[in-house]
Amino acid sequence: MYKGMGFGGGMNMQNLMKQAQKMQAEMQEKMEKAQEELENTTLTGTSGGGMVEVSCTGTKKITGISIKPEIVDPDDIEMLEDLIVAGINEALAKADELEKSLKGDMPSGLGL
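Residue numbers are given in our numbering: position 58 of the sequence shown equals residue 49, and the series is strictly consecutive.
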């Protein structure tokens, strides 16, 4: 009944399934490599002209905060807090950019 309607020049359903499984395995491998790179990459966000540095992984785990002593003013803790938040936001934005570049054309919702 379906003879002659061949998928891609006579390709049968079994071949289609094998090809789909191969594509799925390749996509899974790409995702695993991208995830590993995200986990092993350190990104740094700065604020206050480099007075505050925040480091994070590509998976958005904060790994360190460095504050130069001369920026610490006991009478203006709010400024220091703002600089820390700005540094964190810059580091996380860099992590987002890295993730987008590694994902490339991967379909969304696949766990990366």
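Ideal Cβ placement from N, Cα and C applies to all residues, glycine included.
When you compare only the Cα positions, how much space is there between residue i and residue j?
i   : j   : result
Q12 : Q26 : 21 Å
V63 : E20 : 46 Å
D66 : G78 : 21 Å
I68 : T37 : 18 Å
I53 : E61 : 23 Å
So what does DSSP say about residue i, is it helix, strand or coil?
i   : result
V45 : strand
List the endpoints of the continuous alpha helix (DSSP H) containing residue i.
i   : result
G36 : Note, G36: premise wrong, no alpha helix (DSSP H); beta strand (DSSP E) at 33 to 38.
I62 : I62 -> no alpha helix (DSSP H), and no H or E assigned at all.
G95 : Segment: none, G95 is in no alpha helix (DSSP H) and carries neither H nor E.
With residue i and residue j assumed to form a contact (beta carbons below 8 Å), what rounded beta-carbon distance in angstroms separates them?
i   : j   : result
G40 : L89 : That pair is no contact at about 24 Å.
Would the beta-carbon of residue i fall within 8 Å of that of residue j?
i   : j   : result
L34 : K85 : yes
M42 : L83 : no
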